[in-house]
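The working numbering puts the first residue of the first sequence at 1, with every later residue one more than the last.
Glycine included, each C-beta is placed from N, C-alpha and C at the ideal position.
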Amino acid sequence: MNTYRTHYCSDLSIQNLDQDVVLSGWIDTMRDHGNLLFIDLRDNYGITQCVVDSSNPNFEQINALNHETVIKITGKVLKRSSDTINTSLKTGEIEIVIKAFEILSKSDILPLPVNSDIEYGEEVRLKYRYLDLRRNKLHKNILLRNKVISSIRTKMLKRGFIEFQTPILTSTSPEGARDYLVPSRIHQGKFYALPQAPQQFKQLVMIAGFDKYFQIAPCFRDEDSRSDRSPGEFYQLDFEMSFVTQEDVFEAIEPVLFEIFDENKSFSRDKSAQVGKYPFPKIPYHESLEKYGTDKPDLRNPLLIKNCTEVFVDSNFKIFANKVKKGSVVKGIQITNTEDKPRSFFDKLNDWAKEEGEAGLGYITYQQGEYKGPIAKHLSKDKLETLKLNEGDSIFFVCNSIKEAQLFSGKVRDKLCMELNLLDKNSFQFCWIVDFPMYEIDEKTNKIQFSHNPFSMPQGEMESLKKMDPLEVKAYQYDIVCNGVELSSGAIRNHKPEIMYKSFEIAGYNKETVEKKFSGMLNALKFGAPPHGGSAPGIDRMVMLLADEPNIREVIAFPMNQQAMDLMMNAPSEIEKDRLEELGLKLIDKD
RNA sequence: GCGGGAGUAGUUCAGCUGGUUAGAACGCCGCCCUGUCACGGCGGAGGUCGCGGGUUCGAAUCCCGUCUCUCGCGCCA
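Set out below in structure tokens:
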């Protein structure tokens, strides 16, 4: 028998009446009635009420214990009287009468209460993360994370994927985010980099003939944090497949994602969420920008953006007409049932647009057969009719250069959805964004650069690279988006060296540079590489969506703060001079 | 690097346009209470109002600087 316990704190029920049991756990709450004391004992699994009265010789000692002290109790399982049953507790029909107890570990006065779900400041929570992790919400989130990861592993293995570990100390990559660097002791002046993703390794695994690869992969990027981006490290379900087209990759991962979300759709929810079925909708990149104003659309938002440029061409609404003449476009976002919206509804939106740095937000409403609003009087009836408004509809307009108009109309779409409460929060809606452009213009330098992964295969391969305007070339590059959150990026890779040289040449890398930077990869492609591709959904973000948490740190056991510091472990920290010397490093005094 | 918000008891917060003793709740300490489950009741301790400077007869409150946390922008192939 285990020294510390015969049961977990969630186990006991009326099935165990009159049994002598041993439980160990933390003192969650104590209710002191003078000569009678209740202790809620908590472990990973649940809570059991223990009771002791002054007839017990240890009564005074037990009474003096602190919250979160770890104790072992020995006692008997008793049925609670019908009026004292606690239905909100799994063990609520019984209680343990304490016969003996032992203190396993005392607790000081807590900097952070464990037995409450009240919000506390992050600084304290991060410094005492182990206490925060004891608390109900975070504890449950981490258990959810475990469930998601173990389920992913089972599903991938079942589908014939092989799990790998790839190096953590590797080389720096020229494209992409800032790397975390690790100085080399043996090669002073040289540095390892932590991988931003195991991108090249997983391709090399394909070239090595393993056919299907996956890894719950740590990725390291030295970028500033956001609420959905933890600084330092994050985890991806990284996978790659040989002899596949884009469609094969979609078919392989869609069921995995669907099932993960479907299995956990009831987590922390009153009602099970609805999970969008596969095949997931596929939206070309340009269409996504046109219709949703973003490359990560939230499909729960029913509003669509339409092109209204024609309505304003040569119209009397000179502000728009003149801008259109100079190449601007007009986007419209139409909403329904606005008959009873007061004037202030529109004014507030106009004020919001100004706060966003826009000139304003013009609109037209259609009520009782009449077009109203500040713009309507400048447009002819014919033009107005082409808007095809129904009774009670309103439409908001954004006029700017294509890129700016797309971006802001996307914001208007979000804002209107929020104001009108149109979002079905209890639903997960996936989509693929496909046909990303291979290249884009760097607005600062006016040079052509890769818009995504430089190892992606251009659609049309060598022929497109040679004959087309680089900015028109699309890549076999795709993202998967859920509820407006980018879960992953993926691609069919470029497995032909000559196309690699050409695609890098267009982005301004000559043959020598490519050979120097990617020699391992390039050489590998010269000895027979299978066509291959994959993707890498972010695990933290998946768990975040399932747990319905607005902040990614709520699903990471030991996250760093926004300044990329670990307040509990005091990382990063200064190091001694002789260790710097050993590495051949000298610190620069910034003052 | 830039912009918004915040920093008051161990913790979460209140504290108006400056006014003399800076409050509440939870926690902590003491006393009372044998059926609670966020138990209850009575009493108590606990504060350099982030830090530095300024204005003023008087600053938690107003001004300037600075530090910290957080949200966003930049950044994130």
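Continuous alpha helix (DSSP H) stretch holding residue i: start and end
| i | result |
| --- | --- |
| VAL77 | That residue, VAL77, is in no alpha helix (DSSP H); its beta strand (DSSP E) goes 70-79. |
| ILE335 | Here ILE335 belongs to no alpha helix (DSSP H); instead the beta strand (DSSP E) covers 329-335. |
| ALA252 | 246-263 |
| LEU487 | Careful: LEU487 lies outside any alpha helix (DSSP H), inside the beta strand (DSSP E) at 485-492. |
| THR48 | Run containing THR48: none in the alpha helix (DSSP H); it sits in the beta strand (DSSP E), 47-53. |
| ALA273 | Taken as a continuous stretch (DSSP letters only), ALA273 belongs to no alpha helix (DSSP H), as it is neither H nor E. |
| PHE320 | 318-325 |
| GLU461 | 461-467 |
Host beta strand (DSSP E) of residue i (start-end)
| i | result |
| --- | --- |
| CYS482 | 477-482 |
| PRO284 | 282-284 |
| LEU65 | Unbroken run through LEU65: none, as it is neither H nor E. |
| VAL22 | 20-32 |
| VAL97 | 94-105 |
| ASP238 | 232-242 |
Neighbour-count burial assignment, residue i, 16 or more Cβ in a 10 Å radius
| i | result |
| --- | --- |
| MET462 | exposed |
| PRO57 | exposed |
| ILE291 | A quick correction: the sequence has Lys, not Ile, at residue 291. Its Cβ being crowded by 16 or more others within 10 Å, LYS291 is buried. |
| ILE441 | exposed |
| THR166 | buried |
| PRO174 | exposed |
| ASP83 | exposed |
| GLN477 | buried |
| PHE527 | exposed |
| ARG343 | exposed |
| ASP591 | With a pLDDT of 49 at ASP591, under the threshold of 50, the predicted position of this residue should be treated as unreliable, and no value is reported. |
| GLN215 | buried |
| SER116 | exposed |
| ARG579 | exposed |
| ALA353 | buried |
| PHE558 | exposed |
Chain-order list of residues whose beta-carbon lies under 7 Å from that of residue i (same chain, five-residue window excluded)
| i | result |
| --- | --- |
| GLU95 | GLN49, CYS50, VAL51, LEU78 and ARG80 |
| ALA524 | LEU204 and ILE207 |
| LYS323 | CYS399 |
| ASN337 | GLY392 |
| ARG185 | GLU582 and LEU583 |
| THR6 | VAL21 and VAL22 |
Own chain residues within Cβ distance below 6 Å of residue i, not counting five before or after
| i | result |
| --- | --- |
| GLN236 | ALA217, CYS219, ALA536 and GLY538 |
| LYS90 | SER10 and GLY46 |
| ASP211 | SER242 |
| MET521 | GLN200 |
| ALA376 | ILE364 |
| TYR66 | Per the sequence presented here, residue 66 reads as Asn, with Tyr not at that position. Only SER107 meet the Cβ criterion. |
| LYS306 | GLY332 |
| PHE261 | VAL275 and PHE428 |
Residue i CB to nearest heavy atom of the ligand NAD below 7 Å
| i | result |
| --- | --- |
| SER573 | The ligand NAD is not part of this structure, which contains no ligands at all. |
Residues of its chain near residue i, where Cβ-Cβ distance is below 8 Å and the 5 sequence neighbours each way are ignored
| i | result |
| --- | --- |
| VAL555 | ASN141, ILE142, LEU144, ARG145, ASP540, VAL543, MET544, ALA547 and GLU549 |
| LYS466 | LYS502 |
Restricting to runs no shorter than 3 residues, where is the beta strand (DSSP E) found entirely within the stretch 149-197? 181-183 and 191-193
Pairing CB atoms from the stretch 256-269 with CB atoms from the stretch 150-160, are three or more of them under 8 Å? yes
When the Cβ atoms of the stretch 481-488 are set against those of the stretch 539-559, are three or more pairs found closer than 8 Å? yes
Hey, which unbroken runs of the beta strand (DSSP E) at 3 residues or more fall wholly within the stretch 508-535? 532-535
Would you call the stretch 49-68 and the stretch 90-102 touching, i.e. three or more CB-CB distances under 8 Å? yes
Stretch-stretch touch, CB-based, cutoff 8 Å, three pairs: the stretch 234-248 with the stretch 116-126: no
Would you mind listing the beta strand (DSSP E) stretches within the stretch 342-409 that are 3+ residues and don't spill past its ends, in chain order? 362-367, 370-372 and 394-400
Using 8 Å as the Cβ pair cut-off and three pairs as the minimum, do the stretch 423-434 and the stretch 269-289 touch? yes
Segments assigned alpha helix (DSSP H), at least 4 residues, entirely inside the stretch 530-589: 539-547 and 577-582
Under 8 Å, with one C-beta from each stretch per pair, do the stretch 501-513 and the stretch 443-459 reach the 3-pair mark? yes
Quick check: the stretch 309-326 against the stretch 382-397, are there 3 or more CB pairs under 8 Å? yes
Three or more C-beta pairs closer than 8 Å, one from the stretch 407-423 and one from the stretch 264-271: is that the case here? no
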